[in-house]
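Protein chains in written order, with full-length UniProt numbering: chain A, 1 to 224; chain B, 1 to 224; chain C, 1 to 224; chain D, 1 to 224. Where a beta carbon is used, it is the ideal one built from N, C-alpha and C, also for glycine.
Number of protein chains: 4
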Amino acid sequence: MAATKRQAGSSATRTEARAAESKQSSSQRRQALVEVAAELFAESGFRATTVRQIGEAAGVFSGSLYHHFDSKEAIADEILSTYLDGIVREYKSIVKEHTDPGTALRELVRAAFASLEPHRAAITILQNERSYLAELPRFAYLTKVENEVRRIWVKVLDTGIAQGSFHKDLDTKLTYQFLRDAIWVAVRWFAPSGRLSVDQLADQYLKLVMRGIELDSDEAPRLW
Amino acid sequence: MAATKRQAGSSATRTEARAAESKQSSSQRRQALVEVAAELFAESGFRATTVRQIGEAAGVFSGSLYHHFDSKEAIADEILSTYLDGIVREYKSIVKEHTDPGTALRELVRAAFASLEPHRAAITILQNERSYLAELPRFAYLTKVENEVRRIWVKVLDTGIAQGSFHKDLDTKLTYQFLRDAIWVAVRWFAPSGRLSVDQLADQYLKLVMRGIELDSDEAPRLW
Amino acid sequence: MAATKRQAGSSATRTEARAAESKQSSSQRRQALVEVAAELFAESGFRATTVRQIGEAAGVFSGSLYHHFDSKEAIADEILSTYLDGIVREYKSIVKEHTDPGTALRELVRAAFASLEPHRAAITILQNERSYLAELPRFAYLTKVENEVRRIWVKVLDTGIAQGSFHKDLDTKLTYQFLRDAIWVAVRWFAPSGRLSVDQLADQYLKLVMRGIELDSDEAPRLW
Amino acid sequence: MAATKRQAGSSATRTEARAAESKQSSSQRRQALVEVAAELFAESGFRATTVRQIGEAAGVFSGSLYHHFDSKEAIADEILSTYLDGIVREYKSIVKEHTDPGTALRELVRAAFASLEPHRAAITILQNERSYLAELPRFAYLTKVENEVRRIWVKVLDTGIAQGSFHKDLDTKLTYQFLRDAIWVAVRWFAPSGRLSVDQLADQYLKLVMRGIELDSDEAPRLW
DNA sequence: TATGAATGAGGTTTCATTCAT
DNA sequence: CATGAATGAAACCTCATTCAT
Numbered sequence: 001m002a003a004t005k006r007q008a009g010s011s012a013t014r015t016e017a018r019a020a021e022s023k024q025s026s027s028q029r030r031q032a033l034v035e036v037a038a039e040l041f042a043e044s045g046f047r048a049t050t051v052r053q054i055g056e057a058a059g060v061f062s063g064s065l066y067h068h069f070d071s072k073e074a075i076a077d078e079i080l081s082t083y084l085d086g087i088v089r090e091y092k093s094i095v096k097e098h099t100d101p102g103t104a105l106r107e108l109v110r111a112a113f114a115s116l117e118p119h120r121a122a123i124t125i126l127q128n129e130r131s132y133l134a135e136l137p138r139f140a141y142l143t144k145v146e147n148e149v150r151r152i153w154v155k156v157l158d159t160g161i162a163q164g165s166f167h168k169d170l171d172t173k174l175t176y177q178f179l180r181d182a183i184w185v186a187v188r189w190f191a192p193s194g195r196l197s198v199d200q201l202a203d204q205y206l207k208l209v210m211r212g213i214e215l216d217s218d219e220a221p222r223l224w
Numbered sequence: 001m002a003a004t005k006r007q008a009g010s011s012a013t014r015t016e017a018r019a020a021e022s023k024q025s026s027s028q029r030r031q032a033l034v035e036v037a038a039e040l041f042a043e044s045g046f047r048a049t050t051v052r053q054i055g056e057a058a059g060v061f062s063g064s065l066y067h068h069f070d071s072k073e074a075i076a077d078e079i080l081s082t083y084l085d086g087i088v089r090e091y092k093s094i095v096k097e098h099t100d101p102g103t104a105l106r107e108l109v110r111a112a113f114a115s116l117e118p119h120r121a122a123i124t125i126l127q128n129e130r131s132y133l134a135e136l137p138r139f140a141y142l143t144k145v146e147n148e149v150r151r152i153w154v155k156v157l158d159t160g161i162a163q164g165s166f167h168k169d170l171d172t173k174l175t176y177q178f179l180r181d182a183i184w185v186a187v188r189w190f191a192p193s194g195r196l197s198v199d200q201l202a203d204q205y206l207k208l209v210m211r212g213i214e215l216d217s218d219e220a221p222r223l224w
Numbered sequence: 001m002a003a004t005k006r007q008a009g010s011s012a013t014r015t016e017a018r019a020a021e022s023k024q025s026s027s028q029r030r031q032a033l034v035e036v037a038a039e040l041f042a043e044s045g046f047r048a049t050t051v052r053q054i055g056e057a058a059g060v061f062s063g064s065l066y067h068h069f070d071s072k073e074a075i076a077d078e079i080l081s082t083y084l085d086g087i088v089r090e091y092k093s094i095v096k097e098h099t100d101p102g103t104a105l106r107e108l109v110r111a112a113f114a115s116l117e118p119h120r121a122a123i124t125i126l127q128n129e130r131s132y133l134a135e136l137p138r139f140a141y142l143t144k145v146e147n148e149v150r151r152i153w154v155k156v157l158d159t160g161i162a163q164g165s166f167h168k169d170l171d172t173k174l175t176y177q178f179l180r181d182a183i184w185v186a187v188r189w190f191a192p193s194g195r196l197s198v199d200q201l202a203d204q205y206l207k208l209v210m211r212g213i214e215l216d217s218d219e220a221p222r223l224w
Numbered sequence: 001m002a003a004t005k006r007q008a009g010s011s012a013t014r015t016e017a018r019a020a021e022s023k024q025s026s027s028q029r030r031q032a033l034v035e036v037a038a039e040l041f042a043e044s045g046f047r048a049t050t051v052r053q054i055g056e057a058a059g060v061f062s063g064s065l066y067h068h069f070d071s072k073e074a075i076a077d078e079i080l081s082t083y084l085d086g087i088v089r090e091y092k093s094i095v096k097e098h099t100d101p102g103t104a105l106r107e108l109v110r111a112a113f114a115s116l117e118p119h120r121a122a123i124t125i126l127q128n129e130r131s132y133l134a135e136l137p138r139f140a141y142l143t144k145v146e147n148e149v150r151r152i153w154v155k156v157l158d159t160g161i162a163q164g165s166f167h168k169d170l171d172t173k174l175t176y177q178f179l180r181d182a183i184w185v186a187v188r189w190f191a192p193s194g195r196l197s198v199d200q201l202a203d204q205y206l207k208l209v210m211r212g213i214e215l216d217s218d219e220a221p222r223l224w
């Protein structure tokens with residue numbers, strides 16, 4: 001990368017590097033900065049990441065970030081809203097398409113796992129900094145969207161119980177929390193380059209929990 | 001309480017109050033400070049809590065904390081090691097006492113849930129600040145203890161499979177992670193004064209996951 | 001106006017708009033920028049106004065200002081020197097035309113009030129930022145011109161005393177300061193659209209001070 | 001002063017200096033810092049003075065100021081409210097004591113002039129930064145107090161007209177503005193060590209304006 | 001032991017200015 | 001000429017820690 005060539009204090013080198021990079025458009029640059037920041041947020045969290053670190057990782061001075069973003073929070077905002085917009089849309093499309101609660105739930109779980117890797121930063125921030133951010137007016141929407149997501153999942157669970165395909169002794173709100181938390185928290189240790197692919201991860205997880213949810217959920221139907 | 005006597009700005013009154021309080025031994029004072037800090041850490045996290053906040057909450061000036069602790073990290077250290085020492089001892093005692101894997105796993109889960117409330121701060125720190133702290137030499141033991149705990153849980157799962165009482169298609173390491181994460185992460189929203197007691201919470205959770213682990217795990221044995 | 005055509009974020013549209021506007025000559029453009037800046041300086045002061053604000057108000061990017069001006073100070077320079085050149089010329093013409101000190105003084109006061117509105121920015125800057133600017137070599141002329149102005153006013157006052165038409169116990173330098181300050185400072189609250197026109201304002205002021213300056217200054221001549 | 005002994009980077013020297021200074025109590029130190037800041041504010045204005053400058057002038061690091069004050073604004077707040085509290089009390093006592101409008105007005109003017117030197121910073125801030133500060137919630141009281149002061153002065157002027165001792169063609173609100181502005185603005189150039197004492201200044205000013213206010217205000221009574 | 005003033009590094013943000021395109 | 005990304009210094013402020021009293 002250009003950044004690695006750069007020597008601190010050498011503005012000549014710096015300028016050359018800039019020239020080499022600057023083929024990209026404004027929105028591309030902005031997007032690149034968001035991605036750099038996201039990586040750092042995913043690694044260390046939002047508050048623990050400094051704008052100077054973001055700048056260094058992006059090969060610019062921290063002040064330059066403010067040409068593209070109003071504040072550090074604005075970067076987080078972009079990361080979070082991109083994630084939440086997408087995931088809500090996806091969840092909605094899943095429950096629209098799959099009327100069977102068991103299938104719908106499996107697809108929701110798979111979608112949630114699939115979002116881990118591309119949205120590592122957003123999920124990390126939501127887990128660690130949620131209570132801090134939710135107090136800020138700028139992030140008031142977080143609570144709203146979370147409620148929306150919860151309603152979608154809980155409705156699937158409720159429907160499953162009503163139809164007689166899910167265990168009726170489940171506390172559906174609680175079950176949703178357990179499901180979501182266990183998936184999301186995996187963002188901390190899940191590395192797609194590791195032992196397991198995200199699909200394998202989702203399958204293992206579904207094995208673990210679906211037998212506790214569905215009345216008759218073994219892959220091989222029971223014969224008794 | 002002494003605190004009510006205190007008039008803002010009157011350091012004389014402050015000193016008297018201190019004197020009245022200081023009937024307690026040094027280790028009692030230390031313990032009280034740890035508890036105050038723990039509450040704040042549980043609420044806001046380790047890095048987000050300032051030593052000044054701890055001092056204020058404890059009724060002393062921030063500088064005074066350094067007579068009892070080397071650093072802010074030392075307080076976290078005390079909180080974490082107390083928790084980890086206790087939970088490891090408890091887990092060991094459980095697996096010693098219960099040779100049946102199903103029972104042992106249920107007890108481990110119940111113990112984990114039971115630790116949420118008394119060790120809210122430790123668990124919060126482990127979740128949010130673990131990666132930051134684990135890099136510090138002082139907290140090198142974190143990884144060791146975590147490995148120890150994992151071995152205990154995984155051994156129970158492995159034994160269950162070997163004995164034929166647990167599903168043999170479970171990835172035991174992964175299953176441990178899912179189990180632990182879903183329990184721990186509940187520290188964020190579980191309030192014992194709320195809708196559910198910790199026992200009810202554990203029961204709901206066991207219902208959800210044990211059917212996915214045990215081959216025949218309904219509380220009421222199936223009669224067909 | 002071109003501004004209404006512009007869509008935020010569309011640089012293409014922006015460029016077209018620029019083209020449409022650029023029928024004006026370079027000096028016209030420069031003059032327009034000065035006026036935009038002046039309005040902002042008058043409202044918020046010189047230092048508190050950023051070049052970005054100027055650019056936005058003028059419909060260009062801040063960097064573009066530097067094609068017309070060396071620096072932000074250069075804009076202030078233009079505003080100040082335009083004002084000072086004009087006012088000095090006017091004062092000189094007044095004292096040339098009116099040999100009677102009373103009439104001359106009245107005209108000076110009226111001219112000073114009349115300058116408030118068209119030169120709000122210059123007067124605001126001179127009041128709030130004078131000491132900061134006067135240290136810069138570029139603004140060394142400020143002190144010179146101010147001395148020149150003072151000499152003009154004081155000479156009128158001295159002449160009035162020498163001729164026996166002004167109170168002889170006046171400290172003329174001090175009186176000048178009082179007169180000038182009270183007029184200039186009105187720039188902060190005087191709004192020509194308000195209760196009073198600039199002429200009415202000047203008249204009220206003359207009523208207040210001329211009786212303290214002239215020996216016999218009532219509008220209706222005294223008969224004793 | 002201790003500060004002059006200090007060499008940058010020499011913490012030994014620094015510590016000695018601190019020791020020599022530290023005979024003072026907390027509130028004394030606070031007061032000393034306010035005075036240091038006030039001097040700088042008076043010289044350069046509130047915004048143009050940096051906390052580093054205040055720190056340097058006080059012989060501490062800028063961060064140390066925040067041990068005593070919440071913010072730079074808090075320092076200005078202290079300066080302003082001290083001034084305003086005092087001047088309002090003084091004005092009230094004057095109008096209470098002097099029922100004759102002429103005498104009362106003279107005393108108000110004298111009090112205003114007398115406040116110039118001890119409250120140079122407050123008056124400078126009020127003149128240059130008023131519109132900026134008044135928008136901040138913390139300084140909402142500024143407008144209130146200013147209104148109170150205006151009412152006091154205007155009432156004296158109104159009473160004088162009603163009693164027939166002041167010219168009835170005065171716009172009293174406007175006259176108040178002229179009076180106050182001309183006095184306050186003198187803070188910029190008045191140096192008590194200069195040619196004139198504050199009393200002489202007030203006298204000259206009274207000579208200038210009182211003849212325009214009172215119907216019969218010559219020192220030597222007219223005989224017609 | 002407690003105080004509380006001070007440190008000093010580092011946090012986010014602002015802004016006049018430069019310059020390749 | 002205009003753009004707009006970048007600079008880099010400097011702004012205000014925070015905070016764990018130290019230390020003389």
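Here E214 (chain B) carries a strand assignment [DSSP, helix/strand/coil]. Each of C:R110, C:E39, C:E97 was checked against the Cα of I75 (chain C), and the nearest Cα belongs to C:E39.
When CB distances to chain C are screened at a threshold of 9 angstroms, the residues of the UniProt domain "HTH tetR-type" (27-87) of chain D falling below it are E43, S44, G45, R47, A48, in chain order. The beta carbons of P192 (chain C) and V185 (chain C) sit about 16 angstroms from each other, so the pair does not count as a contact at 8 angstroms. Using a Cβ-Cβ distance cut-off of 8 angstroms, the segment 136-152 of chain B and the segment 81-95 of chain B are in contact, since at least three pairs of beta carbons, one from each stretch, lie closer than that value. Using a Cβ-Cβ cut-off of 7 angstroms, F178 (chain C) is close to A182, Y205, L208 of chain D, given in chain order. F190 (chain D) sits in coil when the DSSP states are folded into three classes, being neither helix nor strand. Secondary structure at F46 (chain B): coil, using DSSP grouped into helix, strand and coil.
Per DSSP, reduced to three states, the secondary structure at F166 (chain B) is strand.
If you check each beta-carbon in the segment 118-138 of chain B against every beta-carbon of chain A, the ones closer than 9 angstroms belong to Q127, N128, E129, R130, S131, Y132.
Listed along chain C, no residue sits closer than 7 angstroms to G102 (chain D) by beta-carbon distance, the nearest being about 14 angstroms off. Residue-level contact check: G194 (chain C) does not touch chain D, since none of the beta carbons of chain D fall below 8 angstroms from its beta carbon. One finds nothing in chain A with a Cβ atom closer than 7 angstroms to the Cβ of R150 (chain B); even the nearest lies about 11 angstroms away. Its chain contains A58, L65, H68 as the residues whose beta carbon lies nearer than 7 angstroms to that of L33 (chain A), once the 5 sequence neighbours on both sides are disregarded; these appear in chain order. Residues of the segment 156-167 of chain C that bring their beta carbon within less than 8 angstroms of a beta carbon in chain D comprise H167, in sequence order.
For T103 (chain C), the enclosing alpha helix (DSSP H) stretches over residues 101-116. Annotation for M210 (chain B): G102, L105, R106, S217 place their beta carbon closer than 8 angstroms to its own, counting only its chain and skipping 5 residues before and after.
One alpha carbon belongs to S26 (chain A), the other to W153 (chain D), and they sit about 59 angstroms apart. The beta carbon of F46 (chain D) is closer than 7 angstroms to those of A76, I125, E129 in its chain, skipping five residues each way along the sequence. Counting along the chain, D77 (chain D) sits inside the alpha helix (DSSP H) bounded by residues 72-97. Judged by their CB atoms, H167 (chain C) and I213 (chain C) are nearer to each other than the 8 angstroms cut-off. Residues of chain B whose Cβ lies closer than 7 angstroms to the Cβ of V185 (chain A) are, in chain order, D181, V185. Annotated as proximal: L208 (chain B) and F178 (chain A), with beta-carbon spacing under 8 angstroms. The straight-line gap separating the alpha-carbon atoms of A114 (chain B) and G86 (chain B) is approximately 12 angstroms. The C-alpha of I94 (chain A) is placed about 36 angstroms away from the C-alpha of L108 (chain B).
Going by DSSP, A58 (chain C) is part of the alpha helix (DSSP H) stretching over 51-58.
Following the DSSP letters along the chain, one finds D181 (chain C) inside the alpha helix (DSSP H) bounded by residues 172-185.
For L196 (chain D), no alpha helix (DSSP H) encloses it, and the DSSP letter there is neither H nor E. Our two residues, L174 (chain D) and Q204 (chain C), have alpha carbons roughly 8 angstroms apart in a direct line.
With distances taken between CA atoms, D100 (chain A) lies nearest to A:K155 out of A:A111, A:K72, A:K155. Linking L215 (chain C) to L215 (chain D) through their CA atoms gives a straight-line distance of about 14 angstroms.
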